[in-house]
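Residue numbers (our numbering), protein chains in the order written: chain C, 20 to 393; chain Y, 20 to 393; chain W, 20 to 393; chain R, 20 to 393. Notes follow the structure.
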């Protein structure tokens with residue numbers, strides 16, 4: 020079983036991660052770790068790209084010569100600006116953030132003590148863990164991508180694109196959108212919002228390829244794979260909605276058209292020609308691609324700040340202005356990939372057990388053989 | 020901390036529930052328990068109402084003279100048709116259900132062994148637990164309702180209605196819809212679908228009133244209240260999408276219009292005049308109503324069955340036909356209320372601790388006083 | 020992963036158990052379940068044997084035709100005397116029981132509400148779960164026994180006896196003691212204590228045979244197998260001490276004599292000729308028998324009651340007298356076997372994963388082969 | 020709820036800790052943290068004292084200006100000798116350590132990869148967490164000590180000493196023993212063992228003062244305070260036995276003499292004049308001092324190494340010699356204090372809830388008042 024905890028404030032010394040439960044024998048690809056962290060920082064709409072120093076994750080335990088040994092893995096990601104004890108006192112809570120509720124809950128007069136931890140800075144930790152989980156999954160040909168499908172009212176059409184094509188198209192788009200025309204219009208919307216000192220939310224989609232039939236379970240409600248995935252995506256800062264497969268569109272369709280009929284061929288075994296269920300039926304993976312979408316709200320820190328109340332004197336005020344982005348949906352998608360990778364890896368280890376990569380591979384291969392004989 | 024497990028198959032002897040962690044001193048209202056179970060069974064679109072015997076939940080431990088004593092509570096709900104060992108062998112998996120993935124995962128030749136547990140029959144257990152949690156929350160003036168907002172393409176408009184008005188309107192609607200005109204059209208859609216041997220999905224909304232500021236936390240991702248609520252709603256059979264507050268609509272709005280500005284008055288303390296966030300900011304309740312929506316897919320068991328494959332001989336076949344409903348969105352909303360009540364109660368006990376109602380009331384009152392002085 | 024909850028009061032309607040996580044394909048042996056429950060009731064020193072009606076555990080879900088299907092298993096064990104709501108008010112807490120602390124913690128004026136749940140009656144639930152776990156383990160040639168090693172100051176000597184011999188000897192002893200001479204003297208001590216209206220504690224030993232190398236882990240402290248086993252044994256009513264292998268005797272030995280040197284032979288692979296470690300090194304099973312001992316305190320309910328205080332008026336009083344046993348160490352050992360079986364089964368499933376017996380057997384066989392090649 | 024994970028290998032870069040769930044408003048006393056870490060290193064029988072550089076724990080997140088803010092706390096403790104990737108390959112497993120079982124479980128050819136994590140070096144992390152929990156508990160007048168009661172066959176007599184006297188006596192003893200005469204003889208035994216290239220185990224006792232009535236619960240077996248405490252102590256490297264109160268001596272006593280009669284006075288409320296139960300009845304604290312003892316086995320790394328097998332060629336060999344101590348019972352007691360502090364703090368927060376010290380103090384005071392009125 021995988022377990023993890025993260026720690027760290029956005030202007031603290033560093034972000035810290037501990038991940039327990041990774042099997043031994045996995046060679047960690049530092050290149051992948053690095054590129055995932057970079058992906059999180061790099062889409063159009065974030066702060067000025069040139070100036071952003073890339074995040075560097077240092078694995079400080081759990082490896083020998085670059086290979087996992089079954090020990091917990093700790094990761095440190097240094098913050099660029101370590102000044103948490105000298106930053107100014109804040110008393111003007113920003114609407115849309117943890118500021119006011121957090122200060123009241125924890126009895127903190129200086130709202131800085133809330134926003135340092137509630138900040139999306141913590142997502143860097145999740146991306147680092149996700150990078151390790153992705154590597155584990157890749158050993159079993161499970162592959163994950165995210166791409167942006169809505170920004171600023173612009174809706175991408177990727178219905179005819181393959182997994183591979185979505186990945187290659189999106190990689191060329193500054194906003195991680197696989198529909199070229201939509202990508203351009205999204206950039207225009209972002210530019211316009213920036214000019215108007217405003218921000219944009221949007222929707223990203225995650226696709227997981229290669230998950231075998233039978234992760235998750237209907238036995239107990241908290242073991243349902245979709246519940247775990249939706250819970251994980253919802254736990255990302257600013258995510259306010261999640262859906263699996265056809266999602267909210269199911270409300271408009273009828274049963275006769277809403278499901279994925281079952282077929283069989285010697286070559287493929289059981290299969291479907293549609294995937295409205297998004298790869299999950301009865302709380303379990305059904306062998307088709309897992310498809311999830313999540314909506315990120317517009318970033319609430321605005322250059323043209325919202326009305327609030329000064330908690331010191333209870334008078335109307337303008338919210339504190341922190342440096343911020345115009346649109347971070349692409350980055351949020353990268354965090355989403357990580358969140359999904361962690362849950363899939365966990366369900367995978369729960370099913371296949373195993374303390375070493377060698378053992379899990381043997382168990383996995385045996386199960387695939389069993390499935391083929393079903 | 021509340022923990023629970025449920026057990027039981029739809030044609031087994033009974034459904035069984037154990038709930039651990041309820042404080043002592045709560046007088047259980049059997050009338051509420053009964054009415055919640057009845058609500059779950061009774062909306063338009065379910066099987067013929069006249070014939071349905073009401074479910075009866077018997078609390079078999081955890082009470083003395085009707086009052087909780089801090090012991091775990093067990094509940095038994097007898098099934099009407101106890102025939103699990105004599106039912107016919109099934110080899111034609113229904114698309115949209117756990118049938119095929121479950122049989123392959125657990126190595127079960129008789130698909131009956133899957134559908135007995137994966138069935139939505141298990142939701143009766145959740146409703147029973149939820150009824151107890153609701154009673155606990157009512158002691159602290161926390162109140163929960165659900166109402167149907169979309170069925171068969173018909174969208175209800177309840178934007179101007181108060182909590183109280185939504186409840187009273189919905190209670191008069193056979194489909195639990197608070198918009199009278201929409202309610203009528205929903206019924207027509209259900210009738211049409213029934214005639215055409217089809218089924219309908221839809222969307223329900225849940226509103227929770229009276230939650231104090233500060234349940235949940237941003238400290239660790241799995242402690243975020245929205246993540247727990249979205250995970251819990253997603254774990255309900257047939258739910259494929261969930262959203263908080265403006266949800267997916269956030270994708271279309273801009274930051275300047277997407278958040279809830281903060282105000283203060285002597286009488287109310289800090290408050291908002293809008294509630295786009297659905298009562299949750301930074302993973303915590305912010306004192307406004309908590310508003311959630313979930314989409315239920317159309318019931319996949321059709322009187323006019325879908326294509327599938329006979330697992331015995333791998334030949335194309337028509338899916339097994341089980342007795343089923345045309346539309347169960349109203350009932351699903353009742354289950355959703357229960358799922359939400361359980362999570363809110365858990366977050367509540369985590370914050371206020373306490374082994375007896377008396378103790379929790381004292382801790383809660385002290386905190387409210389602290390908030391007023393903030 | 021196995022999870023369970025139990026519920027029920029000693030004079031309530033029934034004891035209820037839910038066990039989640041058992042794989043499919045295990046044929047439940049009702050005979051074993053019955054005999055384990057009988058064992059728990061039947062040793063010398065318990066209440067008069069003739070009068071005790073045997074406990075009957077009914078599995079009310081999770082099986083089809085006697086075989087597990089991956090669903091949670093619920094078990095009901097009816098109480099003989101269902102009178103919880105009519106029993107007299109108690110205000111004289113018994114020393115050595117939960118009575119006073121429980122009443123104060125939960126704010127319960129009637130101490131009856133405490134003792135109904137804190138009673139050792141709940142151990143019947145654990146024995147029922149343990150019986151299922153034992154059956155699972157037996158599929159992998161893992162076998163568990165308990166025997167009594169100290170009662171009333173009489174110490175059994177079983178140092179030269181094999182697992183098999185201990186079992187057969189103990190099965191002939193009315194006190195479950197494998198040393199015939201000691202068994203006789205224990206009975207005499209019990210008789211004497213009964214005459215003198217007193218009670219006796221003692222020590223039982225548990226041996227688990229056939230556990231493969233590598234259950235548990237040193238990776239994180241709560242994953243150590245010994246910590247889980249000691250925690251589980253300590254959670255049994257009246258158990259006040261636990262030890263693994265040489266246990267407290269380690270305090271008197273030196274390092275040069277305290278450990279188990281390692282040998283190798285073609286036939287056995289790696290092995291030890293001693294087992295001071297009790298089969299656990301570094302928080303993991305090492306392939307030798309797991310050996311645990313636990314001490315049960317004398318039953319605190321005495322026919323000649325202890326001094327206490329009436330909580331109603333704060334005056335000195337004699338403790339309430341409940342029907343009780345003179346010595347229950349043999350029974351406690353049976354509960355201990357169950358507690359150990361549950362933990363071993365859980366660690367086993369964590370290592371080998373698997374949703375069906377077929378799958379776990381394949382994974383287990385593959386691992387044994389890997390070990391032989393090490 | 021407190022949760023923590025630790026990471027780090029003994030020759031890795033550093034040990035890392037994350038602790039989630041500490042309330043806001045606690046001023047961290049770095050002096051206490053430092054002195055606890057020093058205590059762990061400093062007793063007679065450890066490696067030569069002069070040469071040991073003290074461990075320094077740096078809190079790298081979770082504080083602002085030295086005060087907790089409700090965020091997770093991360094702690095880094097640098098290792099002196101960071102050489103994990105260059106250390107020699109080991110193939111001679113040491114009996115009494117994780118070496119052989121760990122290598123087989125994780126499929127690791129180089130046993131170095133096992134002993135780096137299974138090493139008692141990890142206890143420094145637990146001591147650091149424990150220091151924070153102790154500070155939290157001290158805010159509520161809960162105080163914890165450990166002292167050594169057996170080493171090398173020498174048994175200390177502290178039966179007539181108060182908590183305060185035990186602490187002051189032990190602080191003057193190089194082996195942390197509160198009985199002056201025994202302390203001297205223990206030192207002699209350690210010297211003798213060192214000369215003979217041998218090692219010694221022993222027993223330490225932990226006493227917790229000031230725990231209010233009612234932490235823990237009998238409601239579910241895993242909620243029993245003694246089970247959690249015994250599990251936590253058992254999870255410390257080399258601990259093989261644990262007991263509460265009279266512990267194994269209960270096996271030799273009779274019920275009439277084994278329990279703690281209950282008295283009442285205006286000034287004290289309910290109290291006992293004996294404490295055989297070690298402060299826990301029915302799985303709950305009963306208001307008396309909590310008394311626990313644990314046995315540490317002799318350190319298995321001997322300067323005169325034990326027989327083993329070379330895993331490379333399966334030939335008989337002498338175990339690897341790592342630098343080691345003669346006797347570490349005093350240090351183990353310091354780790355035990357930490358393990359106990361963490362569990363007590365967790366049970367405390369479960370009962371009193373609360374996100375800030377201010378809130379918990381209010382809840383705690385309210386409960387104490389309730390108890391006085393019982």
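We put the beta carbon where it would ideally sit given N, CA and C, even for glycine.
Along chain C, which residues have their Cβ under 7 Å away from the Cβ of residue i?
i, result
"residue 127 of chain R", "43, 88"
"residue 386 of chain W", "378"
Output, in chain order, the set of chain R residues within a Cβ distance shorter than 7 Å of residue i.
i, result
"residue 245 of chain W", "253"
"residue 39 of chain Y", "238, 239"
Would you tell me roughly how many angstroms separate the C-alpha atoms of residue i and residue j, rounded to the nearest one?
i, j, result
"residue 121 of chain R", "residue 229 of chain Y", "53 Å"
"residue 199 of chain C", "residue 178 of chain C", "13 Å"
"residue 166 of chain R", "residue 232 of chain R", "24 Å"
"residue 310 of chain Y", "residue 269 of chain C", "20 Å"
"residue 44 of chain C", "residue 84 of chain C", "11 Å"
"residue 68 of chain R", "residue 296 of chain W", "Any reading at residue 68 of chain R must be qualified, since the residue scores a pLDDT of 46, below 50, and its modelled position is unreliable; the value itself is stated next. Whole-angstrom Cα-Cα distance: 30 Å."
"residue 355 of chain Y", "residue 225 of chain Y", "7 Å"
"residue 75 of chain C", "residue 262 of chain W", "47 Å"
"residue 106 of chain R", "residue 21 of chain C", "29 Å"
"residue 206 of chain Y", "residue 276 of chain Y", "36 Å"
"residue 271 of chain W", "residue 170 of chain R", "7 Å"
"residue 245 of chain C", "residue 361 of chain Y", "19 Å"
"residue 47 of chain C", "residue 247 of chain Y", "32 Å"
"residue 273 of chain Y", "residue 312 of chain Y", "21 Å"
"residue 392 of chain C", "residue 126 of chain Y", "10 Å"
With respect to the beta strand (DSSP E) encompassing residue i, which residues constitute its N-terminal and C-terminal limits?
i, result
"residue 226 of chain R", "221-228"
"residue 242 of chain C", "No beta strand (DSSP E) holds residue 242 of chain C; DSSP gives it neither H nor E."
"residue 311 of chain W", "309-315"
"residue 318 of chain C", "No beta strand (DSSP E) contains residue 318 of chain C, which DSSP labels as neither H nor E."
Assuming residue i contacts residue j under a Cβ cut-off of 8 Å, what Cβ separation, rounded to an integer in Å, is found between them?
i, j, result
"residue 172 of chain W", "residue 315 of chain W", "The Cβ separation is near 14 Å, so there is no contact."
"residue 219 of chain Y", "residue 317 of chain Y", "5 Å"
Which chain Y residues are close to residue i, counting only those with a beta carbon under 7 Å from its beta carbon?
i, result
"residue 303 of chain R", "Residues of chain Y passing the Cβ test: none, with the nearest at roughly 10 Å."
Which residues in chain C sit within 8 Å of residue i, going by Cβ to Cβ distance?
i, result
"residue 103 of chain R", "83"
"residue 8 of chain Y", "Shown here, chain Y extends from 20 to 393; a query on residue 8 of chain Y therefore has no answer."
Along chain R, which residues have their Cβ under 9 Å away from the Cβ of residue i?
i, result
"residue 389 of chain Y", "375, 377, 378, 381"
Which residues bound the alpha helix (DSSP H) around residue i?
i, result
"residue 137 of chain W", "131-137"
For this session: Decide if the region 188-205 of chain C is in contact with the region 226-244 of chain C; the criterion is three or more beta carbon pairs, one per stretch, under 8 Å apart.
Result: no
Exercise. So, do the region 140-158 of chain R and the region 381-391 of chain W have three or more beta carbon pairs nearer to each other than 8 Å?
Worked result: no
Exercise. Can at least three beta-carbon pairs, one atom from the region 23-38 of chain Y and one from the region 249-267 of chain C, be found at a separation below 8 Å?
Worked result: no
For this session: Count the C-beta pairs between the region 47-67 of chain W and the region 21-30 of chain W that are closer than 8 Å, then say yes if the count reaches three, no if not.
Result: no
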